[in-house]
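In mature numbering (1 follows the signal peptide of the UniProt record, and there is no 0), the protein residues as written are -30 to -1, 1 to 452.
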C-alpha cells in the first residue's frame, strides 16, 4: 500500500514536471506566437506603430525585378513603407547628371519601383544626403571644390551656395519622380568636417555664430526647402549632428519646425551607459512633438562582413523596446521605427552583408517587432514565414547553418554564402583544408555565387563581390599548419 502511494506520488510529480515544461515551452506562454500563427494583423497593437524598412543602394543595388519580390515579402510581414536611399542609383539630370553611376535606375525603373510599392501598400520615402556622406558627389572633379575637407570627401561646405544648390536640385528631382510621396529623409548624419574650411569660418565671423548654430541652421534650411519648395509634409533627419545641442539652440535654429528627428543606434544594446548622450531623450521630448528611432537588420557588424548574424541584430531590436520602457514619457512621442540595412559604411568602403543574405535576419526582426516574440519563437516564425525545411533534430538551435531550403527572393544566394562560402572561410581561419578531395574549391563556390547573383544584381556589382570575397579569403593568415 505504501509502495503504491509512493508510485502514485512519483507519477503525480512527473506529470506536474511535464506540465511545467509545456507551459514554459508552449507558444502561448510568455510569447504572442499564437497571434503570428493565426495571422493576426499586429499594426494596431505593436509597440512601434509605423515600421519602415530601409534600403541602402550605395552598394550592390538590386535589379528592379528583385525589389518587386522583396516588396511582396515586406507587405506579407506588415511593413508600412520603404526608406530608399538612392545615392548614385537615381537618374539625376541636368547640372547634376554626372553624380549618378554608370549603371543606374532609369526614370522608367523608378516608376516601376513606386508602382510595385503601391501595389503592396508600401509607402515610398526617398532619402537623400544633404550634409555628410556626400562622397558620391564630391568625388567628381566638377564638385570636389565644394568639399569641406580636400582629402576626406565626406562633407559639403554648407557655407557655399553652390553646394546648397546641388542638394536643392536633388530634392526637386526626387520630388518630380515621387509625386505621391508625402515624406522625405534628408540624412544629415556623420558630417565629419564642419567649420574647418575658410568659407565657413568667415561666415561664422560675419554672422557671429558658433559651430553648433552653423550646422543646425543648415539642417533647418534644407528641411524648410524640402517642405516649402519640395512639397513634402514631413522631413526626417538623423539625430547625431544635434544630439548634444541644447533645447535653446535647437529652437533658435527652428530645427523643431522643419524636421522630425530619427534617433539611430545599432549596438546590440543601445541602453549601455554612455551610448546615447546624457539627457538626449529629455531634450528630444522637450524640443520636438514627435520622433522616430532606427535599428538595423544588416550592415552594422563590420565594414567587410559578408555573413549575417541574426541574433546580434535581434538583440538590437529588443534593446529599443527596452529603451521605450526606460523612457516612458519621451517614448509617447515615438511614432515608429526605421529598420535599417546598410550596404557600406560609406561610399568608399567595402561591401557589408548582401540583401539576400540578410532576409532571414530581417524577418526575425520584423516578427519580433510585430508580435514581441521570444527569441526561439522569432526564429520559428521566420522559418515558418520563409517556408524553410523543418528539421526536427535542429529545433531550438538558433544558428544560421540550420536555415535550409527556404523560399524567399535570393534564398540560393543565402545558402551559398552562409553555408558553402562560410565553411571555406571558417576552415581558413582555423588553418585547415577541406577534409575531402571532392569538396568544392573556394573558386568554384564563388563562380556558383556569381551565377546565382545574375538575376539579382548588376554585372559590375557582382564582380565587386567576387573580387572582395576572394581577396578577403586570401588575406586570412593561416594559424596552424594544414
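Using N, Cα and C, we set each Cβ at its ideal position, and we do this for glycine too.
No experiment lies behind these values; they were computed from the predicted model shown.
Cβ-Cβ distance between residue i and residue j below 7 Å
i           : j           : result
residue 379 : residue 39  : yes
residue 190 : residue 223 : yes
residue 298 : residue 255 : no
residue 87  : residue 41  : yes
residue 126 : residue 116 : yes
residue 155 : residue 95  : yes
residue 268 : residue 311 : yes
residue 211 : residue 264 : no
residue 280 : residue 334 : yes
residue 351 : residue 101 : no
residue 219 : residue 257 : no
residue 303 : residue 251 : no
residue 173 : residue 130 : no
residue 386 : residue 418 : yes
residue 91  : residue 45  : yes
residue 388 : residue 370 : yes
residue 238 : residue 282 : yes
residue 72  : residue 27  : no
residue 198 : residue 253 : no
Euclidean distance between Cα positions of residue i and residue j
i           : j           : result
residue 392 : residue 400 : 12 Å
residue 202 : residue 13  : 24 Å
residue 450 : residue 395 : With a pLDDT of 45 at residue 450, under the threshold of 50, the predicted position of this residue should be treated as unreliable, and no value is reported.
residue 440 : residue 108 : 30 Å
residue 431 : residue 313 : 12 Å
residue 286 : residue 259 : 25 Å
residue 241 : residue 421 : 43 Å
residue 437 : residue 61  : 27 Å
residue 435 : residue 150 : 35 Å
residue 188 : residue 153 : 19 Å
residue 368 : residue 323 : 19 Å
residue 53  : residue 346 : 29 Å
residue 229 : residue 357 : 41 Å
residue 225 : residue 136 : 21 Å
residue 453 : residue 89  : Past the boundaries of the shown model lies residue 453; the chain is included only from -30 to 452, so the question cannot be answered.
residue 447 : residue 76  : 43 Å
residue 145 : residue 200 : 6 Å
residue 20  : residue 148 : 20 Å
residue 363 : residue 372 : Confidence in residue 363 is poor, its pLDDT being 45 and thus under 50, which makes the residue's placement unreliable; the coordinate value appears in the next sentence. Each residue's alpha carbon lies about 10 Å from the other.
residue 270 : residue 340 : 22 Å
residue 381 : residue 375 : 8 Å
residue 47  : residue 337 : 8 Å
residue -6  : residue 296 : For residue -6, the predicted model reports a pLDDT of 41, less than 50, meaning its position is unreliable; a value from the coordinates is still stated below. Roughly 28 Å between the two C-alpha positions.
residue 444 : residue 319 : 19 Å
residue -14 : residue 266 : Summary for residue -14: the model assigns pLDDT 45, below 50, so the residue's position carries little reliability, and this model does not support an answer.
residue 397 : residue 412 : 11 Å
residue 134 : residue 112 : 15 Å
residue 175 : residue 221 : 22 Å
residue 452 : residue 325 : With a pLDDT of only 45 at residue 452, under the threshold of 50, the placement of this residue in the model should not be trusted; the figure read from the coordinates follows. Cα to Cα, residue 452 sits roughly 34 Å from residue 325.
residue 383 : residue 63  : 34 Å
residue -8  : residue 4   : Only weak support exists for where residue -8 lies, its pLDDT of 38 falling under 50; the value from the coordinates is given anyway. About 14 Å.
residue 433 : residue 49  : 32 Å
residue 16  : residue 2   : 11 Å
residue 65  : residue 143 : 11 Å
residue 321 : residue 272 : 10 Å
residue 353 : residue 294 : 28 Å
When the options are compared against residue i, the one with the closest alpha-carbon
i           : options               : result
residue 235 : 247, 226, 227 and 228 : 247
residue 292 : 342, 328 and 337      : 342
residue 274 : 442, 63 and 100       : 442
residue 122 : 137, 286, 132 and 106 : 106
residue 70  : 57, 77, 79 and 81     : 57
residue 30  : 303, 252, 63 and 316  : 316
residue 36  : 238, 92, 169 and 427  : 427
residue 138 : 179, 195 and 237      : 195
residue 208 : 198, 383, 217 and 193 : 193
residue 459 : 284, 360, 355 and 377 : Outside the displayed range of the chain (-30 to 452) lies residue 459, so it cannot be described from this structure.
residue 124 : 141, 99 and 142       : 99
Anticipated Cβ contact below 8 Å, residue i with residue j, distance rounded
i           : j           : result
residue 233 : residue 24  : The Cβ separation is near 14 Å, so there is no contact.
residue 157 : residue 97  : 6 Å
residue 278 : residue 327 : 5 Å
residue 82  : residue 10  : Wrong, their Cβ atoms sit about 32 Å apart, outside the cutoff.
residue 227 : residue 186 : Actually they do not touch by this definition, with Cβ atoms about 12 Å apart.
residue 163 : residue 118 : 4 Å
residue 132 : residue 68  : At roughly 15 Å, the Cβ-Cβ gap does not stay under 8 Å, so residue 132 and residue 68 are not in contact.
residue 410 : residue 424 : Residue 410 to residue 424, Cβ: 19 Å. No contact.
Interface flag, residue i vs chain D, CB-CB below 7 Å
i          : result
residue 78 : Absent from the structure: chain D. Only one protein chain is present.
Residue i: CB within 6 Å of a non-hydrogen atom of the ligand HEM
i          : result
residue 28 : You won't find the ligand HEM in this model; it holds no ligand whatsoever.
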